Structures are given as structure tokens and as C-alpha cells.
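Going by numbering that gives the first Met the number 0, the letters in the sequence shown line up with residues 0 to 418, in that order. Think of the CB as a built atom: it goes at the ideal place given N, C-alpha and C, for glycine as much as any other residue. As the structure is a computational prediction, the values presented were derived from the model and not from experiment.
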Amino acid sequence: MITHQDDINLTDAHFFAKGDIHDLFRRMRQADPVHWTQGLLKRGFWSIFKHEDAYTVYRGASEYFSNGKFSVGLPSSPEVEAATKPEMMGSNRMLVASDGELHRDFRKAFNSMFLPRAIKQYEGSGRKLVLEILDEVLPRGRCEFVNEVATRLPMAIICDMMAIPRQDWQLMFDLVNQAMGPEDPEYKVAESAAATRNQAWGQAVGYCIRTCHERRGGNGTDLLSVIANARVLGGRLLTDEELGYNGFMFIIGGLDTTRNSIAGGLLELIRNPDQMRRLRQDRSLMRPAVEEILRWTSAITHSMRTALKDTEIRGRKIREGDWVVVWNASANRDEDAFVNPDRFDITRDPNDHFAFAYGEHFCLGAHLARLEIRLIFEEILDRMPDVELDGEVEWLASNLLHGLKRMPIKFIPRRAAAA
Ligand code: HEM
């Protein structure tokens, strides 16, 4: 049975900070897989919990379901809802929040840097970075894994791709945390969550606009230069807002998601020592292991759409203008799509997960994320064979990003190995 508390939990960032969200999703899939929540936000919203229905929504991109009409994230409180104007969240101004022709043109303009061939070039430099990061913590025998390891590789790679100067990396990190986790007391810098979020977006978007203007017309090959010189809709350059929102979108995409998959993946390998041992002994399992880490961690818990037409899913009538929230984290544990969905299984193959969504808006950074996760785990398996938890883990308060804020680990101290 679904209770009022279950509905409250779906929008409550602090419920997600307790870590185990899957009991709720399991009950929802069974009791009411296409569920309407009314009375918590000013607007009601549909929740899609099953794998098959997630396909239906993702396949209907641009025709039935829009990314650009509102935000792709469900507001986490009435206060945040009231303070969310679609244009402030980049609607119709950035790739992830656009539809149809504008989306296609944005995607064409940014795609080349994320194709497998382009990503391959980060194999060498990425591994060097991983070794440097691990070498800093290895001699100590313990560290706080999220901030000292998991965050650093994605941050270094995306900032390097965008040619963001080293002295600004910490600022980018702080702005991403404030924009994506404004309910979390640790990241709150203004009087309210909404004010924290809006202030962070404003500052980050402003930074990207200024940098793009400096690079426009030049022959830079970094991602901010690519954005600055991109042309869409018959050949026009991007507006200032498009420059700023697309720039910050890549910083968020590059940073916040991958670190959560890396940290969540290590947590699960520690909890399942048999799987960790198997992976260490048989590296050919790395490919399915990375996919299982992505499924298991579902770093982007949901993707929200706005219905463009009246339609029906599983007999429920969705009206034009309704919000439809696809819970990727629930679809990824659907009993009808996965055998033993609550078992973390590094040999699972095929693994038809929605960690990167599906269809038109399939994650542009998927190849990069897979590379980063693989590089980190290859080296951890070699250099921290005895890794274990060294205290309580702490989860982020967010119903959009599911991830760890802190994870203390310990291991037998070792001398730096990179030299
Ligand atoms: C484990 C890591 C990652 C996960 C779980 C993830 C997840 C997702 C998901 C679920 C979407 C669809 C959002 C929606 O349509 O509402 C998405 C889109 C996107 N992601 Fe990722 N992502 C990851 C890493 C990255 C990285 C490393 C980058 C880039 C540096 C990136 C850039 C993007 C972009 C640009 C889009 C928009 C694509 C479009 O709308 O056409 N992501 N990602």
C-alpha cells in the first residue's frame, strides 16, 4: 500500500540522504507503477517506476515529452518550485533542456569531443592522473574517498577539456554542489535552498559567458571554445544564455554524476568482497562490472519531462502539460527487466540500464564516464587490494543526484607507485 509518507519521500531530499531508496521504489513498482502525486508541490506530477514505461517516455522525446518546457529535475519543495522559472534552469537554452531542431543542432555541435575516438585520447593522461591521485593517499593508509579520490579525476578531466584554469577548479566544484545540492546544509550559502541554487547558477553561467566571449573567434579546441564558436538553427552563433547554460551543463555533467558512480561502486565492491576478488582476478569482467556499477548507483535518480500531448501509459491518462518523472533508479531495479535486480552482479550481461537515460537525450558523456570509472577501478584493484570502510558513509541530500558525500576508507599503507 502506498502511504502519504511515500509521496512525501519522493520530493524530500533528506529522505534520499538516508541512502536506501529502493524499498520505496520496489513498493511503488508493485502497487502503482504509474503514480500521480498531488498536494505536495503546487503542481501534481506523474512518477514512472517501471523499465518498460521508462522506454515509452524516453522514446517519445520531442513528440510526446519535452525536455525544454520546464526543468529536467523535479522541484524538491514548494519553495524551490515557486522559485523555478524554466528559463532560469536553461530551458530551451541548453542541450539537455531543449527539444527538436535546437537539440539536434546543439548535439551536432558538441558531439565530436565525446565520440569514442576522441575520448580514447584520455586513456593515457587519465591513468596518469589516477596514479597521482592514489599516490597522494596510499602512504597514509586511509582517506576520505569521495573528496580525495572520486571527485578529483572527473573534475580534472572536464576542467581540462574546457581549459578552465587550475585556480578556478575549486570554485567550479563549489558551484556545482550548491546548484545541485542546495538542500544540503553543507552547501547552503544563501537564505534558502532556492536562493542558494539560483545564486550558484547565476555565478557559473556568468563565468561561462565571459570565458566563451574571450575565446569566440579564436581557434581553440577546448570545449568552451567549441561552444563559443558553435552555430545552430541555420548558422547563427549561440546567444549569451546558450553559451552560459551549455558551459555549466558540461561542468555539472562531467563532475557530479561520475564521482557518485565511482564512490557508490567502490562501496558496493567493499560490501561484496567475493565480487571484488573476482574482478581483481579476471579483468575481462571490467566491462560488465562498469555497467553494473552504473545500473546499481543510478547517479541521476530521475529525469523529468513535460507532456506535449494527451497520452496514456499503462492505462493512466497523462494530460498535455503534466510533469512526468522517470525514476531511472527504480527502472534499473525492475524485477521484470533484470534477473535478481537487487543483487550486485559484476557479470551481469546484457545490462539494459537507464543510468544514462535513453534515446535522443542519451548521455553525451557516457563514453567518458565509462572510461573514468574503468581507469579508477583498474588502479584501485591493483593498489588497494585490502580496501575497507573506516567509518560511516554519508549520503547527499538530493532527489536528483544519488550519491555519497563522504566515505572514509582504510587500506594497508603503500609507497607511492606512479614514479
Ligand atoms: C556516471 C556518470 C553519468 C551519468 C549517470 C549520467 C547520466 C545522464 C542522464 C540520465 C542524462 C539524461 C538527462 C535527461 O535527459 O533528463 C544525461 C545527459 C547528459 N549528460 Fe550525462 N551522465 C554521466 C556523466 C556525464 C559526463 C562525464 C558528461 C560530460 C562531460 C555528461 C554530459 C551529459 C550531457 C551533455 C547530457 C545531455 C545530453 C542531451 O540532452 O542530448 N554526463 N546524463
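| Check | Outcome |
| --- | --- |
| Measuring from the CB of T257, is there a heavy atom of ligand 1 at a distance below 6 Å? | yes |
| Check C158 in the structure and name its three-state DSSP category. | helix |
| How do the segment 43-60 and the segment 330-350 stand: do at least 3 beta-carbon pairs fall below 8 Å, yes or no? | yes |
| For M87, I'd like the list of residues in its chain whose CB is within less than 8 Å of its CB, leaving aside the five on either flank, ordered along the chain. | N197, W200 |
| What does R42 pair with, by DSSP beta-bridge criteria? | In the DSSP output, where bridge partners are listed per residue, R42 has none listed. |
| To which residues of the same chain is D239 closer than 6 Å at the C-beta, ignoring the five residues directly before and after it? | I208 |
| L114 by DSSP, collapsed to three states: which one? | coil |
| Whose C-beta lies closer than 7 Å to the C-beta of Q294 among residues of the same chain, with five residues either side of it excluded? | Inspection of the sequence shows that residue 294 is occupied by Arg rather than by Gln. Answer for R294: N331, N350, H352, A354, listed in chain order. |
| Beta-carbon within less than 7 Å of A415's beta-carbon, same chain only, minus the 5 sequence neighbours each way: which residues are those? | D134, L137, P138 |
| How far does the alpha helix (DSSP H) with C142 in it extend, from its first residue to its last? | From DSSP, C142 is part of no alpha helix (DSSP H) but of the beta strand (DSSP E) over 141-143. |
| Measuring only from the beta carbon, is F14 closer than 6 Å to any heavy atom that is part of ligand 1? | no |
| Using a 10 Å radius around the Cβ and a threshold of 16 neighbouring Cβ atoms, would you call M0 buried or exposed? | exposed |
| Whole angstroms is fine: what's the gap from A162's alpha carbon to I372's? | 22 Å |
| Using a Cβ-based criterion (distance less than 6 Å to any ligand heavy atom), does G123 qualify as near ligand 1? | no |
| Can you give the Cα-Cα distance for I312 and W322, rounded to whole angstroms? | 13 Å |
| Please report how far the alpha carbon of R58 lies from the alpha carbon of K107, in whole angstroms. | 19 Å |
| Between the alpha carbons of T210 and L236, how many angstroms are there, rounded? | 15 Å |
| Given F337, which residues of its chain have a CB within under 6 Å of its CB, disregarding the five upstream and five downstream residues? | none |
| Comparing the CB of C211 with every heavy atom of ligand 1, is any distance shorter than 6 Å? | no |
| Can you grab the Cα-Cα spacing for the pair G243 / D389, in whole Å? | 40 Å |
| Just to check, is the beta-carbon of R373 closer than 6 Å to a non-hydrogen atom of ligand 1? | no |
| Measuring alpha carbon to alpha carbon, tell me which of G320, L363, I292 ends up nearest D341. | I292 |
| Using the Cβ count rule (16 or more neighbours within 10 Å means buried), how would you classify R151? | buried |
| Is F355 near ligand 1, going by C-beta to nearest heavy atom under 6 Å? | yes |
| In whole angstroms, give me the CA-to-CA distance for I20 and M179. | 19 Å |
| Using beta-carbon positions only, say whether D381 and F410 come within less than 7 Å of one another. | no |
| How would you call S283, buried or exposed, if buried means at least 16 neighbouring beta carbons within 10 angstroms? | exposed |
| Report the start-end ranges of each alpha helix (DSSP H) in the segment 196-255 that is 4 residues or longer and not cut off at the edges. | 222-228 |
| If we ignore side chains and look at the alpha-carbon of each, how far apart do A418 and E122 end up? | Its pLDDT being 49, under 50, A418 is placed unreliably in this model, and the coordinates cannot settle the point. |
| At a cut-off of 6 Å, would you count S61 as near ligand 1, judging by its Cβ distance to the nearest heavy atom? | no |
| Pull up the CB-CB distance for D82 and A193, whole angstroms please, since I reckon it's below 8 Å. | According to the sequence provided, residue 82 is Ala. The question's Asp does not apply to it. Contact flag correct, Cβ pair sits at about 3 Å. |
| With a 10 Å radius around its C-beta and 16 neighbouring C-beta atoms as the bar for buried, classify Q29 as buried or exposed. | exposed |
| Which residue comes first and which comes last in the alpha helix (DSSP H) that contains G299? | In the sequence as displayed, the identity of residue 299 is Ile instead of Gly. Here I299 belongs to no alpha helix (DSSP H), and DSSP marks it neither H nor E. |
| Closer than 8 Å is the cut-off here; do at least three beta carbon pairs connect the segment 100-116 with the segment 219-228? | yes |
| Which class does A12 belong to by DSSP, given the choice of helix, strand or coil? | helix |
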